[in-house]
């Protein structure tokens, strides 16, 4: 529908222009130099005015000292950063466990025939229940509940069960994304694969999934963006990640600058990630537009 | 002995009773054309023969085996038949050659080199030798349909089912696909074609079956069906085609 140069509708004359690659910083329609100048000016005016309002508010000096204190920034940064590394580790691990588990659930739900009814039922119940539990409750229940059982041989750490809770919850949502991709592949594709004598599993593996995954990459990337921040929920289990470390600092000093440190760290990763997702989505749309739809 | 025999085959989709007792026999090396107005069950009939759609009643026998019986391995049966669809149904994520070899490698367990070789031979025969590395959406409809025919022929099927293979093509591309089918008929391939190309049916068919109301309403050699139809329905159907200059 929209391309970075805007839909001018002049067909051939605009071809060179509309083939331009989407910029990583693409935020919407930008048409020419004049438009850019107006955009810059209005941005400066709006954000300048907002800054003035904040800075001139009566309690600004106190807030500045509480939240933006350079000394506290320096003092808390190493610990918060250390915690943030743990956040990113949990993030990376979840990025492997979630898609794997979710794919299993989605494929289970997509198998046909009466023989597979129990498999479908199990997967459906899983998705329904897990999507119905607030993530924070699942983290609390697994993180505090399972270790308390003290079952021999089970890992006892809050970290382990926290990541497990994240995986179980996110997998339920991700499985639905996969399933929508699987269902977006036309029925005729399944028919022609089965007609060759491929089994249900082979049909899924070689004909359906490659097309389905391609269709849902933008949606999956959005899930990744939200996962990157939700790892911070594990702080409620006492896992010493960034938010927890910031909390510890605040409890000791009664200064909130450490929270700002944590916020900046999360932003430093999530903003490039969000830009990447947008860039990919636009590129994907353009590519499909030029080659036709699958 | 008939290669394919259908006895009182019934099929419903929900409340729609599509096939109401189809009787049909196709001998080895025989070409049978199914004709009839849209929605008369031609496509459904083909889909029941390769077991894509389970039937609700009657029996289908293929090469002496009742394939609609309980416990028959549908995948094993399907490997012995090829089907070509109206809208090609090629796999868009696979190159032409991989479209043709997928079944050979995964269903028949052939080695990649052997499968590639067989696919190349077929693709060359059908004039697609320079398209093997292309993706389907880069090909014309006629080329895509020829790839689909290669894919169906790759496993050296005993029977080929063709479901209105020219209906989705631009008029100028129909010829290239029909000439492939004509060649296959000449080579003695057993085929069942659902078709709207009456002139072509007249030319290649050993037998023509006119479907109406979910049954084979009239059948016989093409010269009889087209020249001297016995039933009122068949006469009516052919008269309307003549009026539309489709014959």
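Residue numbers (this note's numbering), protein chains in the order written: chain W, 41 to 334; chain C, 849 to 1095. Built from N, CA and C at the ideal position, the CB exists for glycine as well.
Using only the alpha-carbon positions, how far apart do residue i and residue j sit?
i	j	result
residue 1093 of chain C	residue 1085 of chain C	12 Å
residue 855 of chain C	residue 908 of chain C	6 Å
residue 924 of chain C	residue 237 of chain W	6 Å
residue 330 of chain W	residue 939 of chain C	Caution applies to residue 330 of chain W, whose pLDDT of 47 falls short of 50 and renders its modelled position unreliable; the model cannot decide the point.
residue 942 of chain C	residue 290 of chain W	57 Å
residue 335 of chain W	residue 76 of chain W	Because chain W is modelled from 41 through 334, residue 335 of chain W falls outside the range shown and cannot be assessed.
residue 1048 of chain C	residue 878 of chain C	15 Å
residue 55 of chain W	residue 922 of chain C	Low per-residue confidence applies at residue 55 of chain W: pLDDT is 43, beneath 50, and the placement is therefore not dependable, though the value from the model is reported in the following sentence. About 51 Å.
residue 114 of chain W	residue 252 of chain W	48 Å
residue 930 of chain C	residue 200 of chain W	52 Å
residue 861 of chain C	residue 972 of chain C	41 Å
residue 957 of chain C	residue 240 of chain W	16 Å
residue 932 of chain C	residue 191 of chain W	58 Å
residue 994 of chain C	residue 144 of chain W	36 Å
residue 297 of chain W	residue 120 of chain W	11 Å
residue 1026 of chain C	residue 881 of chain C	13 Å
residue 935 of chain C	residue 965 of chain C	26 Å
residue 89 of chain W	residue 97 of chain W	12 Å
residue 899 of chain C	residue 224 of chain W	24 Å
residue 315 of chain W	residue 283 of chain W	24 Å
residue 126 of chain W	residue 279 of chain W	9 Å
residue 156 of chain W	residue 215 of chain W	18 Å
residue 318 of chain W	residue 874 of chain C	57 Å
Can you tell me whether residue i is helix, strand or coil according to DSSP?
i	result
residue 914 of chain C	strand
residue 931 of chain C	strand
residue 905 of chain C	strand
residue 1082 of chain C	helix
residue 42 of chain W	Confidence is the limiting factor: at residue 42 of chain W the pLDDT is only 39, short of 50, which leaves the residue's position unreliable and the question unanswerable from this model.
residue 1011 of chain C	strand
residue 1042 of chain C	strand
residue 956 of chain C	coil
residue 899 of chain C	coil
residue 194 of chain W	coil
residue 108 of chain W	coil
residue 58 of chain W	Bear in mind that a pLDDT of 46 at residue 58 of chain W, under 50, signals an unreliable position, so the model cannot answer this.
residue 982 of chain C	coil
residue 920 of chain C	coil
First and last residue of the beta strand (DSSP E) that includes residue i?
i	result
residue 867 of chain C	864 to 875
residue 1066 of chain C	1063 to 1068
residue 860 of chain C	850 to 861
residue 881 of chain C	879 to 883
residue 1055 of chain C	1055 to 1060
Pick from the options: whose alpha carbon is nearest that of residue i?
i	options	result
residue 210 of chain W	W/323, W/168, W/307	W/168
residue 187 of chain W	W/198, W/321, W/92, W/294	W/198
residue 998 of chain C	C/977, C/985, C/896	C/977
residue 269 of chain W	W/292, W/178, W/302, W/118	W/302
residue 304 of chain W	W/94, W/228, W/108	W/108
residue 868 of chain C	C/885, C/892, C/878	C/892
residue 850 of chain C	C/1074, C/1039, C/949, C/876	C/876
residue 1052 of chain C	C/1036, C/1064, C/1065	C/1036
residue 249 of chain W	W/271, W/170, W/150	W/150
residue 904 of chain C	C/919, C/870, C/859, C/884	C/859
residue 244 of chain W	C/954, C/1065, C/974	C/954
residue 947 of chain C	C/981, C/929, C/1061, C/870	C/981
residue 989 of chain C	C/928, C/915, C/1016	C/1016
residue 205 of chain W	W/194, W/95, W/183	W/183
residue 140 of chain W	W/218, W/314, W/154, W/317	W/218
residue 321 of chain W	W/295, W/247, W/254	W/254
residue 221 of chain W	W/130, W/104, W/258, W/174	W/258
residue 274 of chain W	W/104, W/234, W/83, W/124	W/124
residue 1032 of chain C	C/1044, C/974, C/928	C/974
residue 865 of chain C	C/996, C/962, C/1061	C/1061
residue 277 of chain W	W/154, W/117, W/203, W/105	W/203
Which residues bound the alpha helix (DSSP H) around residue i?
i	result
residue 968 of chain C	960 to 973
residue 222 of chain W	198 to 224
residue 189 of chain W	186 to 189
residue 888 of chain C	Neither: residue 888 of chain C is in no alpha helix (DSSP H) and is coded neither H nor E.
residue 940 of chain C	Per DSSP, residue 940 of chain C belongs to no alpha helix (DSSP H) and is neither H nor E.
residue 274 of chain W	It is not in any alpha helix (DSSP H) - residue 274 of chain W carries neither H nor E in the DSSP assignment.
residue 1024 of chain C	1019 to 1034
residue 266 of chain W	249 to 270
residue 287 of chain W	282 to 293
CB of residue i to nearest heavy atom of the ligand FAD: below 7 Å?
i	result
residue 1002 of chain C	Of ligands this structure carries none, so the ligand FAD is not represented either.
Item to check | Residues in the segment 880 to 900 of chain C having any Cβ partner in chain W nearer than 7 Å | outcome: 898, 900
Item to check | Interface positions of the segment 222 to 235 of chain W facing chain C (Cβ-Cβ less than 9 Å), listed along the chain | outcome: 226, 228, 229, 231, 232, 233, 234, 235
Checklist entry - When you check each C-beta in the segment 1016 to 1034 of chain C against every C-beta of chain W, which residues fall closer than 7 Å? => result none
Item to check | Contacting positions in the segment 243 to 265 of chain W - beta carbon closer than 8 Å to chain C | outcome: Answer in chain order: 246, 247, 250, 251, 254.
Item to check | Positions along the segment 935 to 951 of chain C whose CB lies within less than 7 Å of some CB in chain W | outcome: 935, 937, 939, 940, 941, 950, 951
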